[in-house]
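According to full-length UniProt numbering, the stretch in the sequence shown is residues 1 to 151, in order.
Ideal Cβ placement from N, Cα and C applies to all residues, glycine included.
These numbers come from a predicted model, not from an experiment.
Here the structure is laid out as structure tokens; the discussion comes afterwards.
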Amino acid sequence: MSDLATIADRTEIEVLRGEHLDAAMVGDYDRFASLFTKDAVWRIPFANVELTGWQEIRAGIERMQTAWEFWVQNSHQGTIQLDGDAASGREYIFEIGRQRDGRSVVMYGLFHDRYQRTRHGWKFTERVLEPRYLDTTPLTGAPPQGSWDDQ
């Protein structure tokens, strides 16, 4: 991979995936939606979620995030296959959290992605979450309150 354009494309796609995680974690729903093309699809089949376009994706991420008491997602590099101004890839993830209704989730999975180069950089055209391991055993921990010395 000595072609600088290929290295730049791969780096920009990794940045896009990092922005996706960061925007969700910090509740920046406008930024989250802006990472997708205007007609993109974001799917979470096991949760019966399919959102199309910026408005649905923006409303959907806010609705889903407000359901959580706490939620953390970590990602791990996967693959990227470039094909001109389009690309596809996978990103591996770990999630842990508890919803406000008391349901807990520990999940390992992967995103199956399609990307498109736009005049604003690389964007998602499709992002599909596939769980590979799911544990709904109630979590006993909670977000820390106060300082570490108080724990």
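Kindly list the residues whose CB is nearer than 6 Å to the CB of residue i, restricted to its own chain and excluding five residues on each side of it in sequence; keep chain order.
{"i": "Asp-9", "result": "Leu-82"}
{"i": "His-20", "result": "Leu-35"}
How is residue i classed by DSSP in three states: helix, strand or coil?
{"i": "Gln-145", "result": "coil"}
{"i": "Arg-98", "result": "strand"}
{"i": "Thr-6", "result": "helix"}
{"i": "Ala-67", "result": "coil"}
{"i": "His-112", "result": "strand"}
{"i": "Pro-131", "result": "strand"}
{"i": "Asp-39", "result": "strand"}
{"i": "Ala-120", "result": "The question names Ala, but residue 120 in the sequence shown is His. Residue state, collapsed to three classes: coil."}
{"i": "Arg-103", "result": "coil"}
{"i": "Gly-18", "result": "helix"}
Between the Cα of residue i and those of the options, spot the shortest distance and give me the residue it belongs to.
{"i": "Val-128", "options": "Leu-110, Thr-140, Leu-134", "result": "Leu-110"}
{"i": "Ala-142", "options": "Arg-98, Thr-118, Gly-121", "result": "Arg-98"}
Check this for me: beta carbons of residue i and residue j, under 8 Å apart or not?
{"i": "Asp-113", "j": "Arg-132", "result": "no"}
Can you list, in chain order, the residues of its chain whose CB lies under 8 Å from that of residue i, leaving out five sequence neighbours each side?
{"i": "Trp-68", "result": "Gly-97, Arg-98, Gln-99, Arg-100"}
Enumerate in chain order the residues of its own chain whose CB-to-CB distance from residue i is below 7 Å, with the five nearest sequence positions on each side excluded.
{"i": "Gly-121", "result": "Glu-12"}
Q. Can you find at least 3 beta carbon pairs, one from the region 51-59 and one from the region 35-43, that sit closer than 8 Å?
A. These segments touch.
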